[in-house]
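> Sharing a structure below in structure tokens format, with a few things to ask.
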Amino acid sequence: MSIGVMLVYGLLGLIVVITALGMLTSRNAVYSALFLVLNFATVAVLYMTLGAPFIALAQVSVYAGAIMVLFLFVIMLLGAEHITQRSTGRGHRVLSVLVAVALLAEAVIYILFRGAGVEMAALPSLPPDFASPAAIGQLLFSQFLLPFEITAVILLSAVIGAIYLTRRERQAAARTAAAEQPAEKPVEEPAEKTPIY
Amino acid sequence: MPLSYYLILSAIMFLIGILGVLLRRNPLIMFMSLELMFNAANLAFVAFAAYHQALSGQLFVFFVMTVAAAEVAVGLALMVAIFRTRHTIDVDELSMLQG
Amino acid sequence: MTAETLFPLVPWVVLIPLAGILINLLAGRALGERGVGLVASLAALGSFAVSVLLAVGLAQQPEGQSLLLARWMSIGSLNVDWAFRVDTLSVTMMLVVSGVGTLIHIYSIGYMHDDTRHNGDPARFRRFFLYLNLFIAAMMVLVSADNYLMMFVGWEGVGLCSYLLIGFWFEKGEAGLGNARAAKKAFVVNRIGDLGFLIAMFTMFWAFGSLSFGEVLPRAAEAAPAVLLAITLFFLLAVTGKSAQLPLFTWLPDAMAGPTPVSALIHAATMVTAGVYLVARSLPIFAAAPAAQSAVLWVGALTALFAATIAVAQTDIKRVLAFSTISQLGFMVAAVGMGAVVAGMFHLITHAFFKALLFLGAGSVILGMERGHERHAQAHDGHHGGFDPQDMRFMGGLRSRMPVTFWVYLIGGLALAGVAPLSGFFSKDEILAAAEQVSPAVFVVLLIAALLTAFYVARQLALVFFGQGRSEAARAATESSPVITVPLGILAALAAVGGALNLPGSHLLGDWLHHTVEPLVEAGFNPLTAGIALVIALAGLGLGWLLYGRSPLTRAEEPDPLAVRLKGLFTWLRRKWYVDEIYNALFVTPYTRLSQMLAGPVDQGLIDGVVNGAGGMARLLGNLGRSLQNGYVRSYALIMLVGVALIFTFLLAR
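Chains as they are written, first to last, in numbering that gives the first Met the number 0: chain A, 0 to 196; chain B, 0 to 98; chain C, 0 to 653.
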């Protein structure tokens with residue numbers, strides 16, 4: 000494998016990691032979302048290298064497109080770019096990072112030395128119509144018909160649920176508001192507000 | 000490239016997603032971290048599908064994507080609902096689960 | 000009427016008093032005081048009538064019979080029945096208990112009428128008679144039992160009644176607790192003796208496989224000597240508890256806290272003689288264990304002397320009689336210890352007559368003093384202060400104020416002192432004669448006790464009835480009503496002629512009892528010992544008269560003439576040789592301390608600590624678990640992640 004190809008892969012991997020970390024550390028939720036879009040796009044490129052063009056395009060359109068736009072929309076709607084951040088317990092943070100690193104180390108060790116894919120050093124040459132939309136469609140509507148239909152039901156119920164959750168019950172809301180107005184409990188304010196991070 | 004390249008990359012993405020859930024208080028960013036973890040899993044699926052030459056792995060990615068989309072829809076709707084009643088979506092303010 | 004038709008009546012000696020209880024319990028409120036007293040007295044009288052019928056039956060068939068009422072329990076080889084024994088010994092006891100009991104019931108109608116009013120709670124009149132009937136029933140169970148376990152039921156029953164009646168005015172006494180303490184003391188001390196009874200029974204069952212008189216007593220000599228010694232010594236412990244012998248006699252003086260009829264019936268005439276009856280009944284066992292016999296003999300003799308010395312120095316009219324009772328019980332125990340059962344039973348009967356008479360007479364005196372006190376208090380717009388109607392130092396001159404009481408008391412006192420021809424002379428003489436045959440040392444000890452007996456009788460008579468009144472109450476005392484004096488008269492007659500039961504030459508009682516128990520010592524009448532005893536008695540009386548009667552005290556504050564002569568020793572006598580103090584220091588105080596230690600540091604500290612600690616641990620763990628549930632989703636996620644990492648580590652390391 001040429002140095003150039005190695006470099007390209009290395010660069011792709013680097014972009015994936017950096018954008019993920021960027022999502023994690025951005026103080027502004029909008030930046031996080033944008034980093035994530037970039038991350039998804041890069042992963043889509045990786046899908047291409049794995050002989051999955053259909054998935055890659057779906058990734059770009061569904062994830063990087065639709066879902067992230069939805070995210071941005073909600074962020075803007077709620078004005079949740081800046082959540083006041085009370086610093087959570089230091090112990091919690093340290094422990095989280097330590098466990099995560101330990102788990103990562105374990106995963107890497109497993110992948111490199113123990114896993115079933117250890118011998119698979121190179122991508123085998125795939126047949127030209129390996130992941131063509133036709134092949135995928137054929138499989139989807141034959142062997143995976145039942146899961147496919149269930150997925151449809153899940154999506155439908157998600158839609159109904161989302162509508163139900165966000166529906167504003169005008170009369171009921173007005174009634175409860177009128178009834179609870181005098182005895183309304185103040186929302187518990189955080190003891191102190193520290194700047195967001 | 001060896002399979003381990005994709006798998007390690009997938010593991011790194013997954014762990015970053017976990018850290019996002021654990022460290023951030025903005026539920027939107029926690030959701031994004033979840034999406035990142037889904038993606039890490041998807042990457043592993045696609046890689047295995049290619050290396051084993053089994054198309055069903057790619058199909059699984061479809062299912063994951065649809066479920067993720069459903070989850071995001073419900074999750075964001077929940078968040079809007081919570082914001083309406085509590086006027087905040089800071090997860091550390093939402094500690095009614097305590098024993 | 001033949002014996003076959005009479006003997007089956009025996010359960011009624013128990014059932015009639017129980018019926019009296021039932022009637023008084025259900026209808027007592029409606030009957031009123033007179034009705035309650037009448038029902039209770041009739042119940043006792045019914046019991047007496049049945050006893051008389053049994054005696055009539057026994058006259059035809061002297062060997063008696065044992066009647067099975069019901070099987071009580073049958074466990075393995077242990078068979079215990081509710082069975083009654085009709086023989087000359089048990090019927091003698093029944094006659095004494097129900098006879099004296101009936102008289103005391105009648106007396107109590109008058110006495111308790113005044114006493115409940117004096118103590119301010121007339122509603123307890125009925126309760127008193129319920130207890131009294133219960134006592135008669137329990138005592139009848141005790142004496143009519145055909146086996147040791149049934150006897151133990153009666154033994155415990157009379158102990159219970161004793162406890163209830165000593166504490167009859169439980170809220171009175173020193174610091175409002177004195178009577179309750181006295182009752183508790185009697186109960187606890189009796190428990191020690193009862194434990195002896197129990198252990199003796201267990202040993203007996205182990206050795207003989209039965210508790211029935213009919214099976215055990217004929218085979219008594221078969222058992223190993225060590226076993227017999229254990230049984231008899233534990234029985235002796237029971238006797239010292241119930242009959243107030245050394246070293247467990249301390250409860251009886253305190254038991255005088257009960258109303259006077261109780262002192263007369265339970266703590267003089269009947270219950271305390273249960274120990275004597277036990278030894279008499281178990282004589283074959285004691286006969287097979289000579290060491291235990293001499294132990295019983297010496298316990299009795301020493302108690303007789305010891306209690307007599309204390310009685311000499313007491314000032315409370317009832318306490319003198321209490322120690323006198325202990326002393327006389329010592330005579331009886333010594334007698335049955337020697338094996339002179341007839342002498343012991345004879346003295347038991349005569350003692351029941353004259354000591355009940357003395358106690359009831361003392362009760363009459365106390366009532367007279369109280370009436371005098373009240374009359375005087377009304378006349379001088381009442382100063383009630385520190386008046387003790389039982390203190391002999393405040394009495395004096397009652398001979399003229401209460402003539403009937405004086406004469407009956409004089410008869411009782413002289414009978415107790417052993418002056419011929421009153422009953423006490425004959426019975427005591429038989430004991431002395433038997434002692435003279437068995438052991439000269441015991442004879443001497445008992446003679447000294449007899450001397451002291453006569454002395455304190457003279458002292459009491461002089462202090463109470465002679466001289467002049469040493470308090471306003473004594474000067475204003477009046478004679479009691481006929482309901483009190485009539486039973487006193489009957490008892491006085493019995494005390495005077497009771498000796499006829501076993502007159503020298505006739506041996507009526509001796510022949511009667513021979514059908515049941517064979518005495519080991521035949522104590523015939525011995526003119527020499529009789530003469531000595533009479534001289535001793537008269538000497539004691541004379542000595543007492545010399546000290547107290549010749550120049551009577553004029554004021555209550557004057558020192559006792561005996562105290563002037565004996566000085567320090569008198570204080571020892573008055574304080575009962577400090578036995579109570581020694582027991583307190585040796586047993587009661589350490590026990591109380593131990594109890595406090597167990598209650599405080601051990602129970603509240605250690606045991607409660609363990610329990611509370613267990614609760615605290617659970618709470619701590621709960622709080623620990625609770626702090627995990629802090630409601631923060633991210634904490635839950637972290638914990639889940641830790642779990643995943645651990646599982647992964649395990650898989651990796653496998």
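The beta carbon of each residue, even a glycine, is placed where N, CA and C say it ideally should be. Being a predicted model, the structure only gives us computed values, none of them experimental.
Count the other C-beta atoms from every protein chain shown that fall within 10 angstroms of the C-beta of tryptophan 11 of chain C, then say buried if there are 16 or more, exposed otherwise.
buried
> In whole angstroms, give me the CA-to-CA distance for phenylalanine 322 of chain C and threonine 302 of chain C.
10 Å
> Apart from the five residues on each side of it in sequence, which residues of its chain come closer than 7 Å, Cβ to Cβ, to valine 578 of chain C?
Thr249
> Would you kindly work out how many angstroms separate the C-alpha atoms of leucine 14 of chain C and arginine 574 of chain C, rounded to a whole number?
About 44 Å.
> Taking Cβ-Cβ distances below 8 Å as the criterion, which residues of the segment 90–102 of chain A are in contact with chain C?
Flagged, chain order: His91, Leu94, Ser95, Val98, Ala99, Ala101 and Leu102.
> Label lysine 184 of chain C either buried or exposed according to how many other C-beta atoms from any shown protein chain fall within 10 Å of its C-beta, with 16 as the threshold for buried.
By the beta-carbon neighbour count (other beta carbons within 10 angstroms, threshold 16), lysine 184 of chain C is buried.
> Mind the definition here: the segment 114–129 of chain C touches the segment 50–66 of chain C only if three or more C-beta pairs lie below 8 Å; say whether that holds.
no
> Quick one: is asparagine 178 of chain C buried, meaning 16 or more other Cβ sit within 10 Å of its Cβ, or exposed?
Around the beta carbon of asparagine 178 of chain C, 16 or more other beta carbons sit within 10 angstroms, so the residue counts as buried.
> What does isoleucine 17 of chain B reach in chain C if we use C-beta pairs closer than 7 Å?
Leu640
> For the alpha helix (DSSP H) holding valine 610 of chain C, just list the boundary residues, first then last.
607–627
> Since valine 311 of chain C and arginine 458 of chain C should fall inside the 8 Å C-beta cutoff, what is the C-beta to C-beta distance between them, to a whole number of angstroms?
7 Å
> Which residues of chain C have a Cβ atom closer than 8 Å to the Cβ of leucine 21 of chain B, listed in chain order?
Arg633, Ala636, Leu637 and Leu640
> Is it buried or exposed for glutamate 697 of chain C, if we count other Cβ within 10 angstroms and need 16 for buried?
Any property of residue 697 of chain C remains undetermined from this structure, which presents chain C solely from 0 to 653.
> Just to make sure I have the definition right: I need the residues of chain C whose C-beta is within less than 8 Å of the C-beta of valine 90 of chain B. Which are they?
Tyr631, Val632 and Arg633
> On the criterion of 16 or more Cβ atoms from any shown chain inside 10 Å, does histidine 379 of chain C qualify as buried, or is it exposed?
exposed
> Can you look up alanine 243 of chain C in the DSSP assignment and give me helix, strand or coil?
coil
> Can you tell me where the beta strand (DSSP E) with glutamine 64 of chain C in it begins and where it stops?
64–74
> Return the chain-ordered list of same chain residues with a C-beta closer than 6 Å to the C-beta of phenylalanine 186 of chain C, the five sequence neighbours on each side being excluded.
Counting only Cβ-Cβ distances below 6 Å, and skipping sequence neighbours, we find Tyr162.
> Give me the residue from C:Glu170, C:Leu133, C:Tyr147 and C:Met92 with the minimum Cα distance to leucine 159 of chain C.
C:Leu133
> For chain A, check one thing: does any of its Cβ atoms lie closer than 8 Å to the Cβ of alanine 40 of chain B?
Under the Cβ distance rule, alanine 40 of chain B does not count among the residues neighbouring chain A, no pair being separated by less than 8 Å.
> Cutting at 8 Å between CB atoms, please list the residues of its own chain near leucine 176 of chain C, excluding the five before and the five after it.
Around leucine 176 of chain C, the same chain offers no residue with a beta carbon nearer than 8 Å, after the five sequence neighbours per side are excluded.
> Return the chain-ordered list of same chain residues with a C-beta closer than 7 Å to the C-beta of leucine 247 of chain C, the five sequence neighbours on each side being excluded.
Val188, Ile191, Gly192, Thr239 and Gly240
> Threonine 648 of chain C touches chain A at which residues, Cβ-Cβ below 7 Å?
Glu105
> Would you mind reading off the limits of the alpha helix (DSSP H) that contains leucine 5 of chain C?
2–5
> Express the C-alpha separation of leucine 568 of chain C and glutamate 580 of chain C in angstroms, rounding to a whole number.
16 Å
> For tryptophan 205 of chain C, is the classification buried or exposed, using 16 other Cβ atoms within 10 angstroms of its Cβ as the cut-off for buried?
exposed
> Taking leucine 14 of chain B as the query, report the chain A residues whose CB atoms sit under 7 Å from its CB, ordered along the chain.
Ala99, Leu102 and Leu103
> If you follow the beta strand (DSSP E) that aspartate 80 of chain C is part of, which residue opens it and which one closes it?
77–85 is the span of the beta strand (DSSP E), which, as asked, contains aspartate 80 of chain C.
> Would you decide whether tryptophan 576 of chain C is buried or exposed? Buried here means 16 or more other CB atoms lie within 10 Å of its CB.
exposed
> Is the distance from the Cβ of serine 65 of chain C to the Cβ of aspartate 145 of chain C below 8 Å?
Yes, Cβ-Cβ distance for serine 65 of chain C and aspartate 145 of chain C is below 8 Å.
> Check whether the Cβ atoms of leucine 6 of chain B and alanine 43 of chain B lie closer than 8 Å to each other.
yes
> Could you spell out the range, first to last residue, of the alpha helix (DSSP H) harbouring valine 403 of chain C?
402–416
> I need the DSSP call for serine 124 of chain A, collapsed to helix, strand or coil.
coil
> Going by CA-CA distance only, name the one from B:Ala10, B:Leu22 and B:Ser3 that's closest to aspartate 89 of chain B.
Per the Cα distances, B:Leu22.
> Could you tell me whether the Cβ atoms of threonine 528 of chain C and alanine 453 of chain C are closer together than 8 Å?
no
> Going along chain A in order, which residues have a C-beta closer than 7 Å to the C-beta of methionine 31 of chain B?
Met22, Ser31, Ala32, Leu35 and Phe70
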